[in-house]
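Worksheet: one structure, shown below.
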Amino acid sequence: MPGKTKLSVGYGPNIKTINVELPPSEPRPWDTVDDMTVVGTPQPRIDGPLKVSGEARYTHDIALEGLLHAAVLRSPWPCAKVSRIDVGPAAKQAGVGAAIALVGVGDKLIFAGQDVAAVAATRPELARAALASIIVEYEPQPFVVQTRDAMRDGSPQVHEAAVEERRTGADEPGAERAQGKLSGNVRPGRSQKRGDAKRALNKAPVRFEATYTTQCHTHSCLETHGVVVRWNGKKAATVWASTQSIFGVRDEFAALFGLEPSKVQVITNFMGGGFGSKFGANASGTALAKIAGDLARAADKPVKLMLDRAEEHVCTGNRPDSIQLVKLGATNKGKLTAIHVQAHGTAGIGTGAGVGRNAASVYTKVPDVLVESADVFTHAGPAVAFRAPGHTQGAFAMESAIDELARQLGMDPIDLRLAHDAHPVRRWQLELGRERFNWDARRKAAADMRARNTRVRKGVGCAVSIWGDFGGTEARVTIEIGRDGRVVVKNGVQDIGGGIGTVMAQVAAEVLHRPVEEIEIQIGDSKLGPGVGSGGSKTTSSITPAVRNAAELAKAELAELAQTALEVNSTKNLRWTAEGVSVGRQTLSWADLCKRIEGEAIVAVGFRARNSAAHPRSFPGFETPEIAGAQFAEVEIDTWTGEVRCTQVLALHDCGRVMNELTLRSQINGGIILGTGYALMEERVMDPSLGVMLNANLEQYKACGVKDVPEISIVLTEVISGNNSTGAYGIGEPATIPTAAAIANAVGDALGVHVRSLPITPAKILDALEQQQRASQGGTK
Amino acid sequence: MAKRDGPEHDETRGLTRRGLFRSIGAATLVAGCTKEDPPLHPESRAVADVDGAIGLTPTPLEFVLDGQPQKLEVEARTTLLDLLRLDLDRTGTKLVCDRGACGACMVMVDDVPRNSCMMLALDVAGATVTTVAGLGGSSQLSALQQAFVQHDALQCGFCTSGMLISSSALLRRSAGQTLERADVEDAIAGNLCRCGTYPHVVDAVLSVANGGGGSAHNVVLLRAKPSTKSGGA
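Written as structure tokens, this is what we have:
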């Protein structure tokens, strides 16, 4: 049904009709008029039984005949030249099938943890033991691991020449490429500009200026990065990979070994978390697929290389830290006139320390904005995209500054946000949150506790997020309806934990009126047809429209069979139900209908078309909907000990059409819990004198345990935009963007003074209180 | 092999993360104060009896795994986790931190949840070990496993087997008692989940312990639908 059509789109009660032009063969997108029976309902994930019985096989669990286990020797020095390397002794150790050097004499190593040599042996402990026999001599050189130190003139230089920017499918779509020239360890990167922020700041009657810092944050996926490589002759290979992008692994592996991509099969039946770090065959700081492939060739046996926990922290990426100088200009009446953010951050030896879009793209009513980001190189493992790359750092600084300015102006911080944000859904979310979080009463209670100087204080804060529907058109979903009535949906996409297979089954069930449990889903293998990388929160919005479109094509074929069988003039007269298809009182059961299929099965292939619409607002620079979010947090602080807990979070999010309320809730909870750890606990600690990470483990690197989790409430503000045939967007990243900022603002509300550095530890709280006290005693100078 | 008692062998509570830190802290302290190896036991200061010592050659081991008697030989250095994953195909038990900090490798040893990465295989001689596979296969799930699926108490699924072991042990020792959220939180305090699935795990365990319901989640879906009256934001 190509061509022009009308769609009923909107959010909440704000519904309107828009005209859209659809590409040929594209079904009319589900809009607010369509009533769904399966899509949107809470459906337990279809592979749940395999996961709770331990039967699910992850890459870590792959066992093959003759499999060898690899281990990698890593540089103990943050900066050193290799003066000798001899892997010969390792080759002679018990159980060793191959030992290879990964560096040569004269090579320079630039972070502690860099690949030096590797061994494959029959048991993991034998491989690790054999590493000890490798002879390497290093000439240590000066290094720098702290961001501020690296920015100083004369500090040891990490890169001598221009740095290639490594980008992955998890990077924020549309983020500008870095163009600046390297100066010392600093290379200016992305910038966002509107008007002339510097001039507007000079003219502003009210000015606010503060520096905010955030820590380096590691992904800490429970399943470490890893692959199993089995060569099938010299020109073909099967690779099991713990990855967010099966096809990314396939293409990079093929390129590394000079193979045809079609000769590389990549399998990811289950994977244990990625959060942005698992794109490509190699990890950002270790060439793990190249190593496993070379070892497998040298030993002529399949090789498994799974990193250990310390390696996972050090060489598979992290969220860059940041030092953000934020300057705001305003009128006395609280009208923001200028925002200027100067951000520096270290992505270690890598690139990508940008700070997201809150400043430039949320506060669109501020006329003059300049956001400048620079990479600062240090001798540490390279960063990589991490769930909403740049956005969590940027949101923390920008949303903190907005709150601090509101305090300076004596305004309510929600009012200040509403006055400068034009997105109608985010404005609605802020108003809903104000009411549902009991904002005014809680703010009053917090002020009262501050005034009485109570030992235990409570405070509330809010912050907002911006994201886009970045769904891609590259996936090809196949649906097969067999003569036996079986429905199989196939695609080479991977499930990173969001439960994509389950929503695929729901969409097919919705279109075909079949029970969800009768839809067979096959995913996790490159042989199943082009999928999409799970980065940018786009899996659901890329895959579900393709499923629907494939199902509609297959259903059209079935309809023709039914039309003949039931002797009706048009397929439009057919009524589809759980029993089958009927006209009047005549019903043809699903089984009988499918028996009429010519040949073995109907096979249809579907894909997502380009966006049809971007209602109510488009993401800056894209013809795609902007996704709005806001979160409210409450904290409780013991001002004597500095102990701080986040007690409650209210999350208000727009994720297009809700596909599965149950798995959606899981993702939102997860985003908030990750953000809570980022706000209060997690931090990579580098030793400035040794240049190594001190807490590369899970007992000193503190992620949230169950007792650190706030009580979470969720409000889903559904938006139907007509942008794709199912109306799905993503939620993985939006759900974590504002959490740390909201918690920081709640801390500011409880204390009356802002803690400008993440994580907000008890020590920083006591520090802030002490400075506040000094300032009040010192009086005005 | 006789069972030993000690702070980390508390039969009723199992091994908690905090308990583990305490024992590590104590061991580090002792090691820092003396140049000799810390005394293990007053009587063990005499020269070891070489004949009975467990050395580099594989040693016979018998124990019961998921209801099946096992008779095999293992090296002294092999951890229980490696034995389960590499030799006995119990890959549902996961290797994550390899130092007792995350609970992903938990199994029940004589009904006590233990981090199998922190035990040697030979430590379970004569014991009964239950892994996630012993709780129920995918076609015959236990009530707790079913509740995990119903409440979506898993995302990537890598922490799930450990969560199930901790919470099974809780249900076993609290048989029939009504549980509060805090009880479940205590039980899974040593299980790390990076996807942030904790609230649903607590819901699932409570639904089994207290019979149905048990969900404290609070979700409101505001649908995009034309209202009869003209409302607005």
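Chain order of the listed sequences is C and Z.
Note that my numbering numbers the first sequence so that position 420 is 420, with each residue one more than the last.
Going from the second sequence to my numbering is simple: count from 1 and add 781.
Ideal placement from N, C-alpha and C gives every residue a C-beta, glycine not left out.
What you are looking at is a predicted structure, and each value in this text was computed from that prediction instead of being measured.
Three-way DSSP call (helix, strand, coil) for residue i in this model
i, result
"C/Ile543", "helix"
"Z/Pro823", "Interpretation of Z/Pro823 is limited by its pLDDT of 45, a score under 50 that renders its predicted location unreliable; the figure taken from the coordinates is listed afterwards. The answer is helix: DSSP assigns Z/Pro823 an H, G or I state."
"Z/Asn896", "strand"
"C/Cys221", "coil"
"Z/Thr912", "coil"
"C/Ser155", "coil"
"C/Thr168", "coil"
"C/Lys92", "coil"
"C/Ile765", "helix"
"Z/Tyr979", "helix"
"C/Glu682", "coil"
"C/Thr639", "coil"
"C/Thr213", "strand"
"C/Phe257", "helix"
"Z/Val877", "coil"
"C/Glu661", "helix"
"Z/Leu867", "helix"
"Z/Ala906", "coil"
"C/Trp428", "helix"
"C/Glu560", "helix"
Distance CB(residue i)-CB(residue j) smaller than 8 Å
i, j, result
"C/Thr319", "C/Phe386", "Sequence check: residue 319 of chain C is Arg here, not Thr. Their beta carbons are under 8 Å apart, which means C/Arg319 touches C/Phe386 by this criterion."
"C/Lys203", "C/Thr243", "no"
"C/Pro142", "C/Cys79", "yes"
"C/Ile737", "C/Cys704", "no"
"C/Gln631", "C/Thr540", "no"
"C/Gly380", "C/Gly354", "As written in the sequence, residue 380 of chain C is Ala, which differs from the Gly given in the question. No, Cβ-Cβ distance for C/Ala380 and C/Gly354 is not below 8 Å."
"C/Ala298", "C/Ala98", "yes"
"Z/Pro894", "C/Ile15", "no"
Cutoff 8 Å; reference residue i; Cβ partners in own chain excluding five residues on either side
i, result
"C/Arg575", "Val581, Ser582 and Val583"
"C/Ala763", "Gly642"
Cβ neighbours of residue i in the same chain (closer than 7 Å, five flanking residues each side left out)
i, result
"C/Asp412", "Ala406"
"C/Ile731", "Ser537, His653, Cys655, Leu664, Gln667 and Ile668"
"C/Asn623", "Reading off the sequence, residue 623 of chain C comes out as Glu, not Asn. Taken in chain order, the residues that qualify are Asn611 and Ala614."
"C/Ile46", "Gly501, Thr502, Ala505 and Ile521"
"C/Pro530", "Phe247, Glu474, Ala475, Arg476 and Gly492"
"C/Leu553", "Ala604 and Gly606"
For residue j and residue i, the rounded distance between their alpha carbons
i, j, result
"C/Asp115", "C/Leu73", "6 Å"
"C/Arg190", "C/Ser373", "5 Å"
"C/Ser220", "Z/Ser942", "18 Å"
"C/Val369", "C/Asp196", "7 Å"
"C/Leu829", "C/Glu683", "Residue 829 of chain C lies beyond the range of chain C shown here (1 to 781); nothing can be said about it."
"C/Thr5", "C/Arg28", "8 Å"
"C/Val635", "C/Thr647", "5 Å"
"C/Ala562", "C/Ala601", "15 Å"
"C/Thr224", "C/Val239", "16 Å"
"C/Val20", "C/Pro616", "14 Å"
"C/Ala90", "C/Gly104", "16 Å"
Residue i: contacting residues in chain C (beta-carbon distance under 8 Å)
i, result
"Z/Cys883", "Leu222 and Leu698"
"Z/Ala857", "Ordered by position in chain C, no residue passes the 8 Å Cβ test against Z/Ala857, which lies about 12 Å from the chain."
"Z/Pro894", "By Cβ distance, chain C contributes nothing, its closest Cβ being about 15 Å from Z/Pro894, past 8 Å."
Partners in chain C for residue i, counting only beta-carbon separations shorter than 7 Å
i, result
"Z/Gln931", "Pro44"
"Z/Pro980", "Asn669, Val709 and Ile712"
"Z/Cys976", "Gly273, Gly497 and Gly670"
"Z/Glu966", "Val706 and Lys707"
"Z/Ile969", "Val706"
Same chain, Cβ closer than 6 Å to residue i, five either side skipped, listed in chain order
i, result
"C/Asp687", "Leu694"
"Z/His932", "His981, Asp984 and Ala985"
"C/Leu64", "Pro302"
"C/Gly40", "Val658"
Closer than 9 Å at the beta carbon, the chain Z residues around residue i
i, result
"C/Leu674", "Arg975, Cys976 and Gly977"
"C/Arg617", "Correct list: empty, because the minimum Cβ distance to chain Z is about 14 Å."
Contacts of residue i in chain Z (Cβ-Cβ under 8 Å)
i, result
"C/Asp308", "Asp879"
Beta-carbon neighbours of residue i, restricted to chain Z and to distances below 7 Å
i, result
"C/Phe270", "Gly938"
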